[in-house]
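Letter by letter, the sequence shown follows residues 850 to 1015 in my numbering.
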Amino acid sequence: MIEKLFQSWRMLAARERRMVIGAGLVVVLALGYQVLFEPAWRGRAQLATELPQMRGQLAQMTALAAEARLLGAGPRAGDTPQALRASLQQSVTAAGLADRLTQLSLNGELFDLRFSAVPYASWLAWLDTTLRETRLRVADLTVSRDAAPGIVSIRLVLEAPRREGR
């Protein structure tokens, strides 16, 4: 097969050989343009239109992230331990768990809460809401199962958020 190609090549006149070589170069250049150059050129043009939009979105996200950090960084003005204790008492009452709360004491920055015979699902929903609203964090937790299904006794210690400058 290759031998036939070489034989055909030798039988061509010099002018025909130059034309075949020229046509081959045109095909190679067209293929190179289609495969290498054109996709890169189109991608560059697309980036030129999308990049300013993306930079604007990045600037907006960066500003929002900085604002979120500032809002969540420090305690709110009313986050004194006494205000947090009152907030905890109100949230327990609002959740309908006030009759199950046996102790709510404040020791420095720690809140010690004791619940007896409380439905676990209700208590867990209260805890989730309270942690989000007050930014307290769980320092210690002990859950004891009672005889009835879904009923537990709980000892919970919550820690107040850290204040700046400590």
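Glycine included, each C-beta is placed from N, C-alpha and C at the ideal position.
Item checked: Outcome for Phe964 when other beta-carbon atoms lying within 10 angstroms are tallied against a minimum of 16 -> Answer is buried; the Cβ neighbour count reaches 16.
Margin query: Closest to Leu976 by C-alpha separation, out of Met910, Ala947, Ala917, Ser940, would be which residue?
Written below: Ser940
Check: By how many angstroms is the C-alpha of Ala943 removed from the C-alpha of Leu955?
Finding: 20 Å
Next item on the list: Tell me whether the beta-carbon of Tyr969 lies closer than 8 Å to the beta-carbon of Val1006.
Entry: Cβ distance not < 8 Å, so Tyr969 and Val1006 don't count as in contact.
Item checked: Boundaries (first-last residue) of the alpha helix (DSSP H) holding Gln840 -> Residue coverage of the chain in this structure runs from 850 to 1015, which leaves residue 840 outside it and unanswerable.
Check: Buried or exposed: which applies to Val967, given that a residue is buried once 16 or more other Cβ atoms fall within 10 Å of its Cβ?
Finding: Val967 comes out buried.
Checklist line | Through-space distance from Gly892 to Val876, alpha-carbon basis | finding: Cα-Cα distance, rounded: 24 Å.
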